[in-house]
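Report on one structure; see the data block that follows.
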Amino acid sequence: MSADGFTVNITASADVPPYRMVKISGVRTGAVGSAGTSAIVGVSDGSLSAFNGTYNAPTGSVINFQNSKCVQISTDAAVTAGQELMSSADGQCATLATAGNCGSYVALETAGAADVLIWAIQYPGRTLIA
71 MSADGFTVNI TASADVPPYR MVKISGVRTG AVGSAGTSAI VGVSDGSLSA FNGTYNAPTG
131 SVINFQNSKC VQISTDAAVT AGQELMSSAD GQCATLATAG NCGSYVALET AGAADVLIWA
191 IQYPGRTLIA
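Okay, structure coming up:
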């Protein structure tokens, strides 16, 4: 963390696209959440590492996080406002489902398809479906 304690400084262990859920992948390293069981530590912001680039953080560079409890996240499928969200296999948000998965955010908006940016709020505690 930075000196002020508000900004997470984590290096990407794999390419991280914008607006994706990020999990810890090693010592001070992060990668996109890979499933509903991923412990999500934040969501990458919309910045790109290079002009006409694809990634927020290519492997080896610092991940830029959204510094708020309300974040924009890319959807993996249709989402309804009020649903708890988990990470999909590629770090996008998906509706919380299936035993053993953990919710990290709650959708504030509805999206009818994949690859739509929605607003979500960080869930105060992780929800585990047993």
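Just so we're aligned, residue 71 is where the sequence shown starts under my numbering, counting upward by one.
Where a beta carbon is used, it is the ideal one built from N, C-alpha and C, also for glycine.
Over what stretch of residues does the beta strand (DSSP E) that includes S144 continue unbroken? 140-144
What are the uninterrupted segments assigned as beta strand (DSSP E) that are 3 or more residues long and contained completely in the region 100-171, given in chain order? 110-113, 140-144, 154-157, 163-165
Return the CA-CA distance between L178 and Q153, expressed in angstroms with no decimal places. 8 Å
Could you tell me the distance, in whole angstroms, from the CA atom of N171 to the CA atom of A159? 12 Å
Between which two residues does the beta strand (DSSP E) carrying V92 extend? 91-96
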